[in-house]
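A short worksheet on the structure shown next.
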């Protein structure tokens, strides 16, 4: 049965060539379906796998990644050291100690917010 289907297909293709019809217009019922399905599946798998694979050997890629990471860590340390130095250069606000109010007289408490020497 397989040999006969192949023979029928070949005969039909020869007839199409004799009629000068383009072979692309001829659709086989099962002939190239397997190849089309295989190509479709390979395209789908290529799309799922990410498509953009990194080139080069894995050992080389790992060495490059290590160098990039070390440079990034060194830059971060420099930035932290610079920020720390800037913070040490700036003066912190002076916190004033509160005066002992327990022994203060009533006049001192009343005059606490007033400015001296200005009269209206």
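In this note's numbering, the protein residues as written are 156 to 275.
Beta carbons: idealized from backbone N, C-alpha and C, even for Gly.
Subject >> residue 228 - DSSP class collapsed to helix/strand/coil >> reply: As a working note, residue 228 is residue 73 in the chain shown. In this structure, residue 228 counts as helix in the three-state DSSP scheme.
Original post:
Does any residue of chain D bring its CB to less than 9 Å from the CB of residue 234?
Top reply: This model lacks chain D altogether; it includes just one protein chain.
**OP:** Note the first and the last residue of the continuous alpha helix (DSSP H) segment covering residue 212.
**Re:** On the chain shown, residue 212 is found 57 positions in, with the first residue counted as 1. Looking at the DSSP string, residue 212 is not in any alpha helix (DSSP H), and its letter there is neither H nor E.
Original post:
What's the C-alpha gap between residue 266 and residue 248?
Top reply: As a first step, residue 266 must be located in the chain shown, where it is residue number 111. As a first step, residue 248 must be located in the chain shown, where it is residue number 93. C-alpha separation (whole angstroms): 26 Å.
Subject >> Where the alpha helix (DSSP H) through residue 174 begins and ends >> reply: Looking up residue 174 in the chain shown gives position 19. Where residue 174 is concerned, there is no enclosing alpha helix (DSSP H), given that its DSSP letter is neither H nor E.
**OP:** Taking residue 187 as part of the alpha helix (DSSP H), name the residues at either end of that continuous run.
**Re:** Taking the chain shown and counting its residues from 1, the one referred to as residue 187 is at position 32. Careful: residue 187 lies outside any alpha helix (DSSP H) and carries neither H nor E.
**OP:** Could you tell me the distance, in whole angstroms, from the CA atom of residue 191 to the CA atom of residue 224?
**Re:** The residue given as residue 191 occupies position 36 in the chain shown. The residue given as residue 224 occupies position 69 in the chain shown. Answer to the nearest angstrom: the Cα atoms are 45 Å apart.
Subject >> For residue 163, the three-state DSSP class (helix, strand or coil) >> reply: Position 8 of the chain shown, counted from the start, is the residue given in the question as residue 163. Of the three classes helix, strand and coil, the one that applies to residue 163 here is helix, per DSSP.
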